[in-house]
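So for the sequence shown, the working numbering puts the first residue at 28; every next one is plus one.
Positions of the beta carbon are idealized from the N, C-alpha and C atoms, including for glycine.
Since the model is a prediction, treat every value here as computed from it, not as a measurement.
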Amino acid sequence: MSASTPSRTFRLLTVNNVPERAKKVIGQVVEELKTRYRIEHVGNCFDKSEVASKVKELKPDILCCASMWTEEESTEMRETAKSIIPGIKTYAIPQGLQVEGGPQALEPES
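Rendered as structure tokens:
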């Protein structure tokens, strides 16, 4: 493995009630970061009630909450994940960002 090839795979779990959108957004992230990180999208929760069971089952390194959730809901889901896996990294896309800015609102700047 060369020095520029990522040596570790990070397991990502999303919380998004539109799975096609989750795959698209995560695909963009994975593509953008592929030279530095290997990211595997291990699953998606369609509802916040699934977070605890999926975190226990899939043991992700990262939890990403989509923009359809309120700040309170995202906080609750991230706290749930952290109570199960204390070192998990969490990220919440601000509520309404994709609705207000369209899909390009989630794309990285060039």
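- The alpha helix (DSSP H) enclosing residue 102, as first and last residue numbers: Looking up residue 102 in the sequence shown gives position 75. Start and end: 98 to 111.
- Out of curiosity, what's the CA-to-CA distance linking residue 122 and residue 74? Position 95 of the sequence shown, counting from 1, holds the residue named residue 122. Position 47 of the sequence shown, counting from 1, holds the residue named residue 74. Approximately 15 Å, taken between the alpha carbons.
- Residues near residue 116 by beta carbon distance below 8 Å, same chain, minus five either side: As a position in the sequence shown, residue 116 is number 89, starting the count at 1. Excluding sequence positions up to five before and after residue 116, its CB lies within less than 8 Å of the CB of 88, 89, 90, all in the same chain and listed in chain order.
- Which value, in whole angstroms, describes the spacing of the CA atoms of residue 107 and residue 78? As a first step, residue 107 is located in the sequence shown; it is residue number 80 there, counting from the start. As a first step, residue 78 is located in the sequence shown; it is residue number 51 there, counting from the start. Answer to the nearest angstrom: the Cα atoms are 7 Å apart.
- Query: Near residue 48, which residues of its chain fall below 6 Å by C-beta distance, leaving aside the five closest residues on each side in sequence?
  - Reply: Stepping through the sequence shown from its first residue, residue 48 is reached at position 21. Excluding positions up to five away in sequence, the list is empty.
- Item | Bridge-paired residues (DSSP) for residue 64 | Start at 1 with the first residue of the sequence shown, and residue 64 comes out as number 37. Answer is none; residue 64 lacks a bridge partner.
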